[in-house]
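J.: Letter by letter, the sequence shown follows residues -19 to -1, 1 to 105 of mature numbering (1 follows the signal peptide of the UniProt record, and there is no 0).
Virtual Cβ for every residue (Gly too), placed ideally from N, Cα, C.
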Amino acid sequence: MKSFITIALLIAFSAIVMSQPNNPNMQKAIDECLKENNVPPKEFHDFMEGKSNAPSENLKCSTLCVMKKEGIVDESGNFQAEAAKIKKPDDEKHSAAVDECKNEKGTSPCDTSFKITECMIKHK
């Protein structure tokens, strides 16, 4: 059961970072980042369901980690909108969401990545 939940969460998270859910490299990046940041499955699930009222710094940093691994955030934590659009070049809704979310800013690179991710979820 835990494996099923983990796989389901990995697939769901891939929508956040604008990639295809069947991409094994994306799933690996998500798995690594969640582990590196000690993000509990329940916290992640609540975030994906829009139920996260007080996200942990670990959750925020896991979004930054995945975005870096996907090449849509540079080493300084700056969102690379054009790189994000390339992930789904023929998806106009995705491109519009990137444009809508690209200027989200937080108090840290982790917070900024989290805010962009949160915005992308709202526009998917």
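Which runs of the alpha helix (DSSP H) at least 4 residues long sit entirely within the stretch 22 to 69? Give them in chain order.
T.: 22 to 29, 38 to 51 and 62 to 67
J.: To the nearest angstrom, how far is it from the Cα of I102 to the Cα of M29?
T.: To locate residue 102, count along the sequence shown from 1; it is residue 121. To locate residue 29, count along the sequence shown from 1; it is residue 48. Roughly 8 angstroms between the two C-alpha positions.
J.: So T88 is in the alpha helix (DSSP H); what residue range does that whole segment cover?
T.: Stepping through the sequence shown from its first residue, residue 88 is reached at position 107. T88 -> no alpha helix (DSSP H), and no H or E assigned at all.
J.: What's the call for S43, buried or exposed, on a 16-neighbour Cβ count within 10 Å?
T.: Numbered from 1 along the sequence shown, position 62 holds the residue referred to as residue 43. By the 10 Å Cβ count, S43 comes out buried.
J.: Looking at V47 and A62, is the spacing between their C-beta atoms short of 8 angstroms?
T.: As a working note, residue 62 is residue 81 in the sequence shown. As a working note, residue 47 is residue 66 in the sequence shown. No, the pair does not count as a contact, with Cβ atoms beyond the cut-off.
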